[in-house]
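Position 335 (the sequence shown) corresponds to 320 in this note's numbering; numbering is contiguous.
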Amino acid sequence: MTAPDLTAAPRRRPAHLFVDTVAVLLLVGLALLGLTTTFAGWSFLILGVAAAAIASAAVVLTMRLPLAVPLSVVLLGGIVLGGPLALRSTGLGAGVPDLGTMADVLRGTVTGWGELLATLPPVDLAGPPALVPFLLGYVGGALAAGLAIRTRSAGLPVLPLLVVLVVVLLLRRPISFAQDWYPVGFAAIAVIWMVLRGVELAPASVRTRGWSDGWRQAAGAAVVITTTLLLAVTITGAGASSAGDSLRGVGGTPGDVSGLDSPLRRFRTFTAQGKNALDNVNDKRLLTLVGAPRGSRLRIVTLDRYDGREWRPGNDTMRGSIEDAFLRVDSTVDNGVSGRRFRVRVELAKAYRSAWVPSVGALSSFRFQFVSGLAKRDQLRYDLATYTAVVPQGLGPGDDYEFTAVLPTDRLRASAQAWKGTVLEVAGMARVDPLISKVLASPEPAMSKVFALARYLRVEGRYSDGVGAGEAQYRAGHDLERLVDDFLLAPRPVGDDEQYAAAMALLSNRVGVPARVVVGAVIPPSGIIRGKDVHAWVELRVADGSWRTLPTKEFMGNRRPHRNMTPAPPPQLLGSLAQPPPSQPRDPDLVQPETPQQKAAKRQESEARRGLVLRSLPWLALLSLALLVPIAKLVRRVRRRRRGRPSDQIAGAWSELVDRARELGVPVPATASRPTQARSLGTAMELALGIDDGVFAAAQPAPAEVERTWKGVGVEVRDLARRQRWQRRSWAPFNPVALLRRPGSRPD
-14 MTAPDLTAAP RRRPAHLFVD TVAVLLLVGL ALLGLTTTFA GWSFLILGVA AAAIASAAVV
46 LTMRLPLAVP LSVVLLGGIV LGGPLALRST GLGAGVPDLG TMADVLRGTV TGWGELLATL
106 PPVDLAGPPA LVPFLLGYVG GALAAGLAIR TRSAGLPVLP LLVVLVVVLL LRRPISFAQD
166 WYPVGFAAIA VIWMVLRGVE LAPASVRTRG WSDGWRQAAG AAVVITTTLL LAVTITGAGA
226 SSAGDSLRGV GGTPGDVSGL DSPLRRFRTF TAQGKNALDN VNDKRLLTLV GAPRGSRLRI
286 VTLDRYDGRE WRPGNDTMRG SIEDAFLRVD STVDNGVSGR RFRVRVELAK AYRSAWVPSV
346 GALSSFRFQF VSGLAKRDQL RYDLATYTAV VPQGLGPGDD YEFTAVLPTD RLRASAQAWK
406 GTVLEVAGMA RVDPLISKVL ASPEPAMSKV FALARYLRVE GRYSDGVGAG EAQYRAGHDL
466 ERLVDDFLLA PRPVGDDEQY AAAMALLSNR VGVPARVVVG AVIPPSGIIR GKDVHAWVEL
526 RVADGSWRTL PTKEFMGNRR PHRNMTPAPP PQLLGSLAQP PPSQPRDPDL VQPETPQQKA
586 AKRQESEARR GLVLRSLPWL ALLSLALLVP IAKLVRRVRR RRRGRPSDQI AGAWSELVDR
646 ARELGVPVPA TASRPTQARS LGTAMELALG IDDGVFAAAQ PAPAEVERTW KGVGVEVRDL
706 ARRQRWQRRS WAPFNPVALL RRPGSRPD
């Protein structure tokens, strides 16, 4: 195949140029619709379509000039217009950019993609991310319009726009199937445009035919484009239940959030350590909250990764989610959580110095109150999966802020069903298996095992922060040695929030329930949080995918140790103590009501099945259309072979030969006799005369004669096919010409 000639544009009528331009703008708009849930508002769509219109106009106005001219005009126009249109920069005034503005455009062309991927939706149409829809519309419109004007290809101009659509599918936030049918509209407009171009640009000698080569080329290109589009939608993952291969969240996060300060590691700075303890904030005010619901939980940090030394926060720690990463926050956050909505103002005291940004519930917006916080505004990152915010450069006095949030339900019951996905595997935790062997072997649900182990820690454990007579031996830390040897396997578990929460989360994962550690505080009526209010608790993942709080009082002992305290029960007795009571036999005639977790699990499974069906519909539709014509031909062949008298069956054999010839593109006279048609075919004269004898004979031909005739037709059809090009042979089974026209009409 020769490369298209782009040096000079073929002569086109204004009406055809108008159709091409409108098609380009429609396809750009349909492709950019995928960013609806990524950007805030619809300004991004107006910007992208306007950029495509400007680029198309530049190509049309310079189409008679050498190729270097439109290329230079389009390139310079993008650099000049990107500032006032996308970045909304004033430049020299009146929309005239200065050198700084053009430098920002060039810089944003490189960095805007990463910033968009690293920002939680909805993204404000400002700064470098605003250049993304501008560039997609501008470059896609320029390439598509240029190829439409300077080539005679039916399908080539669609390829740049198809690339734009695929890029959008990779950049967007995954959405539901109900919102994800705009690619079908894209495919429909693209196919119509290619067919119109195929008919218009076909040679005049070909357009005189009813089913022209132009139509055939356009139809072939449409099949290729549609198949490519369906593959792109399927691979990139359509639907909220599937992450697909979207690029969201792959970049722009802090280098290593696990290296930031850990409130759990320094938990003893919040406990009473005596007057001489350095950095102790036990009785100091850390922050004040105004507007937070009383009794709700203030979250400082969520720790969801354990490396054998300590619990740490991390990026991408939840399989099946692309939003488990610390991403940049714009004006608002679409957290997808339902519950009570509220607004909170936070005043940081002198004693609070940390990279972690305390918050309540799931953020829906965030704003620093003072100008000094604007620089940190661009550094703010938020993890939707853990409800944790961070400013890597740190917060301190004067960095007051306010946020709006949603308070989700976090109540946890022992009857709740645990998440069925993977749990955290920790090398070395197998050492506790002999201690909890009966719990592990119990047939009870995993969540019941968690509550049984929590009850054991609460009843047999003692609370100590290392201060007090004879308590210095209980050291800080939550490495495996401290948690396993000096806590769980010790004569009696002794520790503070750090050891209890860290060990409880590891035990929960060990029995099959995903767990993580949270450091924060329960908000008192005054809204004032002091160091002594800070605690650690455990969150467990239930069947519907949400995380619920296992309160501290469920697993943490509140009695202090003493010198003469008795050891805990021997390990072999732990199973009988911690094992839940045996389940009562259930009456099979009684229907047990479903729990909310069971209903949520069934709903999730139903949505997954519905998503699979919806994802398959485009392929089923394409397959049905592809098989419709061959099936209709098979039915026609069977009817001709089996229905009527033997003479009718012989006549049907010749009709089958003529129709197969038309489908292969071999011309056959419409009203000529069979011998004349045989001469046109260049073969089958003896077969034609034999069929005439069978049709016009006084007696009906024998069944053996009918069988020989059909076999002869099969031989002639194969001979005709061998003499045609492979493209015609491949198209023949799907060519509907013989089904759409009366017998004997001109073939395609």
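Don't be surprised by glycine CBs; every beta carbon is placed ideally from N, CA and C. Computed from a predicted structure; not experimentally measured.
- Secondary structure at F327: strand, using DSSP grouped into helix, strand and coil.
- When DSSP reads this structure, I174 sits in no beta bridge, so it has no partner.
- One thing to note: R253 has its Cβ within 8 Å of the Cβ of D450.
- A residue is called buried once 16 or more other Cβ atoms fall within 10 Å of its Cβ, and Q662 is buried on that count.
- DSSP links H520 through a beta bridge to G505.
- Boundaries of the alpha helix (DSSP H) harbouring T6: P(-1) to L17, taken from the DSSP string.
- G453 is the residue among G453, G675, A115 and D677 whose C-alpha sits nearest the C-alpha of Q258.
- The straight-line gap separating the alpha-carbon atoms of L121 and N300 is approximately 29 Å.
- Around the C-beta of P686, 16 or more other C-beta atoms lie within 10 Å, and the residue is accordingly described as buried.
- Counting the other CB atoms within 10 Å of its CB gives F119 a total of 16 or more, which places it among the buried residues.
- One thing to note: G346 has its Cβ within 8 Å of the Cβ of V391.
- Taken in chain order, the complete beta strand (DSSP E) segments of 3 residues or longer contained in the segment 441 to 520 are 500 to 507 and 513 to 515.
- Taking the Cβ atoms as the reference, V318 lies roughly 6 Å from S350, within the contact range of under 8 Å.
- Taking the CA atoms as reference points, N267 sits about 48 Å from D89.
- Pairing D309 with R533 gives a Cβ-Cβ distance that is not under 8 Å.
- By the neighbour-count definition (other C-beta atoms within 10 Å, threshold 16), Q634 is a buried residue.
- A straight-line Cα-Cα distance of about 31 Å links D471 and T373.
- Distance from P248 to W341 at the Cβ level is roughly 7 Å; contact confirmed, criterion being Cβ atoms closer than 8 Å.
- If you look at E387, you'll find it in the beta strand (DSSP E) that goes Y386 to L392.
- Three or more beta-carbon pairs separated by less than 8 Å link the segment 705 to 724 to the segment 613 to 631, which places the two stretches in contact.
- The shortest C-alpha to C-alpha distance from Y123 to any of L535, A42, M432 and F311 is the one to A42.
- Counted as a single uninterrupted DSSP element, the stretch harbouring T94 is not any beta strand (DSSP E) but the alpha helix (DSSP H) occupying residues L84 to L102.
- For I285, the enclosing beta strand (DSSP E) stretches over residues R282 to L288.
- By the CB criterion at 8 Å, L70 and L18 fall outside the cutoff.
- When only Cα atoms are considered, L10 and A37 end up about 6 Å apart.
- Between the alpha carbons of G379 and L442 lies a gap of roughly 36 Å.
- When secondary structure is reduced to three states using DSSP, Y291 falls in the strand class.
- Take P114, set aside five residues on each side of it, and the residues of its chain with a beta-carbon closer than 6 Å to its own are G97, E100, L101 and V108, in chain order.
- Three or more pairs of CB atoms, one per stretch, sit closer than 8 Å, so the segment 484 to 499 contacts the segment 515 to 530.
- For V342, the uninterrupted beta strand (DSSP E) run begins and ends at S339 to V342, by DSSP.
- S350 is bridged by DSSP to T317 and T389.
- When secondary structure is reduced to three states using DSSP, L249 falls in the coil class, being assigned neither helix nor strand.
- Distance from the CA of V698 to the CA of R664, rounded to the nearest whole angstrom, comes to 15 Å.
- Inter-residue distance for A133 and T21 is about 28 Å (C-alpha atoms, whole angstroms).
- Contact check for G126 against V13 passes: the beta carbons are separated by less than 8 Å.
- In this structure, I421 sits away from R279, with a CB-CB distance that is not shorter than 8 Å.
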